[in-house]
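Below: one structure, written as structure tokens.
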Amino acid sequence: MTTKEVLSKYWKKNLVFTPTPFHKLENISLNLDCNLYCKRDDLTGFAFGGNKVRKMEYLIAEAIAKQADTIVTVGAYQSNFCRVTAAAAAFAGLDVHLVLGGKKGPQPTGNYLLINRLGAHIHKVKSDEWDDWENKRIFLAEDLRKQGRNVYEMPIGGSVPLGALGYVAAFYELLDDFKNFDISPSHIIFASSSGGTHAGLLVGKWLSGWDGQIVGIGAAKTGGKLAVEVGALAKETAALFNGSFTRDDIIVDDNYVGKAYGIPTKECERAIDYFANKEGVFLDRVYSGKAAAGIMDYLQSKKISKKEAVVFIHTGGNVELFS
Ligand SMILES: Cc1ncc(COP(=O)(O)O)c(C=O)c1O
């Protein structure tokens, strides 16, 4: 069975305007003497876009197929995934409950402002720990079921095999982009956090036999934890294609996380200003800004040679700049 045939076995609700744009970052390439291209998944289109929309196409479709009436998910107050989930649930006519944790400012801003406008039911957790948020989600879903709701749960970031399919499909879209631009990139680089984007891309690489490197710049977990999670998710996702996945390919670079998840670094702020001023491309301070800081470091330190074509997937999140 071909990849296309496997993907078509899973119904998705079309939310992404595909293919997303792909272009060379001309000024940055001139300035840093490199060949840097950008896949504009900040422009996936639905509800301010970003990578989460690709995952959501499959997840919301499954919720509808299971005749769910209520979606429950979890994230930080500035969660892009919660913003997209709230919009997709509203679009599908479903109720949505969000468990939100971490720091919150005095006024609703950025993603939290949009979540409020979408009419989501909000359940606050006083903790910075993702495990505490997930536990609250599990209890909440149980409670709603006891009240007679048909609940569909999505874990943090939508990082389950079905969600990761969105990035298996995106990988094939990238192969078309490479063909159209007549390039053979050595690296695809992006921000990685709950691992679904990364796992999907790895399975796409594995299925297609592409021989470049997939590099996730860690935005949250350090110390090898994310690579283990990406490996486990890639294995489960590969199983949907009746394949087995070896872990040799997993590259997570957690040198650009800084103090912690959500806390901007100097290098990230610099990358945001640089991309905005050179290209008119806005990044965010939690994910894409940190990934761009990593790419700039790779290019400036010659970790990647100037001859190689490099692709940055802009995973979106720039709504956060208004937080
Ligand atoms: C803007 C943005 N970029 C990257 C990521 C990382 O994606 P994943 O959670 O699939 O690793 C996220 C996830 O929260 C995100 O919102």
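Heads up, the sequence shown is in our numbering, so the first residue is 456 and it goes up one at a time.
We put the CB at the ideal spot given by N, CA and C, even for glycine.
Remember, predicted model here, so these are calculated numbers, not experimental data.
Original post:
Regarding residue 458 and ligand 1, is the C-beta to nearest heavy atom distance less than 7 Å?
Top reply: Residue 458 Cβ: outside cutoff for every heavy atom of ligand 1.
**OP:** May I ask you to report which of helix, strand or coil DSSP gives residue 508?
**Re:** Residue 508 falls in the helix class under three-state DSSP.
Original post:
Taking DSSP as the reference, what is the three-state secondary structure of residue 396?
Top reply: What is shown of the chain runs 456 to 778, which leaves residue 396 out entirely.
Original post:
By Cβ distance below 7 Å, which residues in the same chain neighbour residue 476 in space, the five residues on each side in sequence not counted?
Top reply: 495 and 498, listed in sequence order.
**OP:** Identify whether residue 604 lies in helix, strand or coil by the three-state DSSP scheme.
**Re:** Correct three-state label for residue 604: coil.
Original post:
At a cut-off of 7 Å, is residue 625 close to ligand 1 when judged by its beta-carbon and the heavy atoms of the ligand?
Top reply: Residue 625 Cβ: outside cutoff for every heavy atom of ligand 1.
Subject >> Bridge-paired residues (DSSP) for residue 723 >> reply: According to DSSP, residue 723 shares a beta bridge with no other residue.
Subject >> Bridge partner(s) assigned by DSSP for residue 529 >> reply: Per DSSP, 554.
Subject >> Test item: CB-CB of residue 517 and residue 617 under 8 Å >> reply: Yes, these two residues count as a Cβ contact at 8 Å.
Original post:
Could you check where the beta strand (DSSP E) with residue 566 kicks off and where it finishes?
Top reply: Secondary structure note for residue 566: it is in no beta strand (DSSP E), and the uninterrupted alpha helix (DSSP H) holding it is 565–572.
Original post:
Got a sec? Which residues, its chain only, sit under 8 Å from residue 739 by beta carbon, not counting five neighbours each side?
Top reply: Here the set comprises 727, 771, 772, 773, 774, 775 and 776.
Original post:
For residue 708, which three-state DSSP category applies?
Top reply: In the structure shown, residue 708 adopts extended strand secondary structure according to DSSP, grouped into three states.
Original post:
Thinking C-alpha only, which one of 651, 559, 750 and 704 is nearest residue 509?
Top reply: The shortest C-alpha separation from residue 509 is found at 651.
Original post:
Helix or strand or just coil, what does DSSP make of residue 465?
Top reply: Annotated three-state conformation of residue 465 is coil, per DSSP.
Subject >> Sequence-distant residues of its chain with Cβ nearer than 6 Å to residue 717 (five each side left out) >> reply: Spatial neighbours of residue 717 in its own chain (CB-CB distance under 6 Å, excluding positions within 5 residues in sequence) are listed in chain order as 741.
**OP:** State whether the region 620–630 contacts the region 674–686, with contact taken as three or more CB pairs (one from each stretch) at a distance under 8 Å.
**Re:** The region 620–630 is not in contact with the region 674–686.
Original post:
Would you say residue 505 touches ligand 1, meaning its beta carbon is less than 7 Å from a heavy atom?
Top reply: At least one heavy atom of ligand 1 lies less than 7 Å from the C-beta of residue 505.
Subject >> Cα-Cα separation between residue 589 and residue 613, rounded to whole angstroms >> reply: Those two C-alpha atoms are separated by around 12 Å.
Original post:
Out of curiosity, what's the CA-to-CA distance linking residue 610 and residue 532?
Top reply: Those two C-alpha atoms are separated by around 15 Å.
Original post:
Taking the alpha carbon of residue 657 as the point to measure from, which residue in 525, 698 and 557 has its own alpha carbon closest?
Top reply: Shortest Cα-Cα distance from residue 657 to any of 525, 698 and 557 involves 698.
**OP:** Answer yes or no: the CB of residue 647 versus the heavy atoms of ligand 1, is any distance below 7 Å?
**Re:** Yes.
Original post:
Can you find a heavy atom of ligand 2 that lies under 7 Å from the Cβ of residue 730?
Top reply: Annotation note on ligand 2: not contained in the displayed structure, which lists ligand 1 as its ligands.
Original post:
Is residue 566 near ligand 1, in the sense that its beta carbon is under 7 Å from a heavy atom of that ligand?
Top reply: Because no heavy atom of ligand 1 lies under 7 Å away, the Cβ of residue 566 does not count as near it: no.
**OP:** Classify residue 638 as helix, strand or coil using the three-state DSSP reduction.
**Re:** Judged by DSSP in its simplified three-state form, residue 638 adopts coil rather than helix or strand.
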